[in-house]
Amino acid sequence: MTATPTPDTDDTAAAGGFDAGSEFDRQVSVLVGRGYPALAGMADEAFAELLAPLRASAEKRADAMSPPEEGRVPFLVVVTREVVPVEEMVARTALPRRTQPGVIDRHYKEGDIERFVPTKEAEPPAPRAYLLFDVDRGEEFCGAVPNDAMAAIADRGRTPLTMEEGLALVTQFPAALAKNKCFSLGGSRCGDRRVPALWISQNAPKLGWCWEGNPHTWLGMASAAGRAA
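Okay, so the sequence shown: first residue is 9 according to the numbering used here, each after it adds one.
See the structure below:
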């Protein structure tokens, strides 16, 4: 049986290069298809124009990029909560070959989501949209104490992902969220010991949180090399 090419495996990637422009266009198309423009109160064309300036930044780094893998991707288009609410982003995620929409864990109380904002180290380079580079779901940190995982990531000169960034990863690459390979999002904090995380519940993504000192064998720590507007 001949495998059908996926959006991640085009002729350019097969030849050893990477077509960052095509991947950028694909990600914008995914967001438009998930209804992001309407959620932002924008027409499809206006939403695409908001993101269009980021394309050049992605293409500029294409020579250093590798095609996406299951747990690591070269870049993500990230839209912030200033454009689309986090709750709506969650509801527009799904696992591969599943239709159940993502949900928010009941342990988030009213107003909690708004309290989880980027840390100083994970501050977005632009308020509405930007690119995140060399994204890794961090499965090597499964079973590690979240505080220790975040310290190791900082020592490598990398940065933990924020809520919006983790949701962007699952939106664009649903297979990145897998059984026993879920991930925390240490780039968003609210001043207490809680660390946001994405895991699987009832065949759907779930945005929850875990304590910064409690390890879980199925929960790693996602990270990235950097951000650019």
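Quick reminder that beta carbons are idealized off the backbone N, C-alpha and C, glycines included. It should be emphasised that the depicted structure is a prediction, and the values quoted were computed from it without experimental measurement.
Name the residue from the options whose alpha carbon lies nearest to the alpha carbon of residue i.
{"i": "ALA139", "options": "ASN155, ALA159, LEU58, HIS115", "result": "In the sequence as presented, Ala is not what sits at residue 139; that position holds Leu. Per the Cα distances, LEU58."}
{"i": "GLY146", "options": "ALA236, GLU78, VAL91, ALA48", "result": "GLU78"}
{"i": "TYR116", "options": "PRO109, PHE149, ALA60, ARG202", "result": "ARG202"}
{"i": "TRP207", "options": "THR101, ALA159, LYS128", "result": "THR101"}
{"i": "ALA162", "options": "LYS128, LEU47, GLU172", "result": "LYS128"}
{"i": "GLU172", "options": "ALA99, GLN108, ASP200, TRP226", "result": "ALA99"}
{"i": "ALA236", "options": "PRO133, ALA183, THR179", "result": "PRO133"}
{"i": "PHE83", "options": "GLU148, ASP33, ALA157", "result": "ASP33"}
Can you tell me where the alpha helix (DSSP H) with residue i in it begins and where it stops?
{"i": "VAL178", "result": "171-180"}
{"i": "ARG105", "result": "Premise fails: ARG105 is in no alpha helix (DSSP H) and is neither H nor E."}
{"i": "ARG202", "result": "Where ARG202 is concerned, there is no enclosing alpha helix (DSSP H), although the beta strand (DSSP E) it sits in stretches over 202-209."}
{"i": "PHE191", "result": "Where PHE191 is concerned, there is no enclosing alpha helix (DSSP H), although the beta strand (DSSP E) it sits in stretches over 190-192."}
{"i": "LEU62", "result": "62-68"}
At the level of alpha carbons, what is the spacing between residue i and residue j?
{"i": "ARG89", "j": "LEU175", "result": "11 angstroms"}
{"i": "CYS218", "j": "VAL85", "result": "26 angstroms"}
{"i": "THR167", "j": "LYS187", "result": "24 angstroms"}
{"i": "ASP144", "j": "VAL178", "result": "12 angstroms"}
{"i": "LEU103", "j": "LEU185", "result": "7 angstroms"}
{"i": "VAL38", "j": "ARG114", "result": "28 angstroms"}
Within its chain, find whatever has a CB closer than 6 angstroms to the CB of residue i; leave out the 5 residues flanking it on each side and keep chain order.
{"i": "GLY234", "result": "PHE141"}
{"i": "VAL94", "result": "ILE121, MET171"}
To which residues of the same chain is residue i closer than 7 angstroms at the C-beta, ignoring the five residues directly before and after it?
{"i": "ALA11", "result": "Annotation note: pLDDT 36 at ALA11 (below 50); position unreliable, no value reported."}
In terms of residue numbering, what span does the beta strand (DSSP E) encompassing residue i cover?
{"i": "ALA184", "result": "Where ALA184 is concerned, there is no enclosing beta strand (DSSP E), given that its DSSP letter is neither H nor E."}
{"i": "GLY234", "result": "234-236"}
Leaving aside the five residues before and after residue i along the sequence, list all residues of the same chain whose C-beta is less than 8 angstroms from its C-beta, in chain order.
{"i": "ARG136", "result": "LEU58, VAL87, THR88, GLU90, VAL91"}
Does the pairing of the stretch 27-39 with the stretch 54-71 give three or more beta-carbon distances under 8 angstroms?
yes
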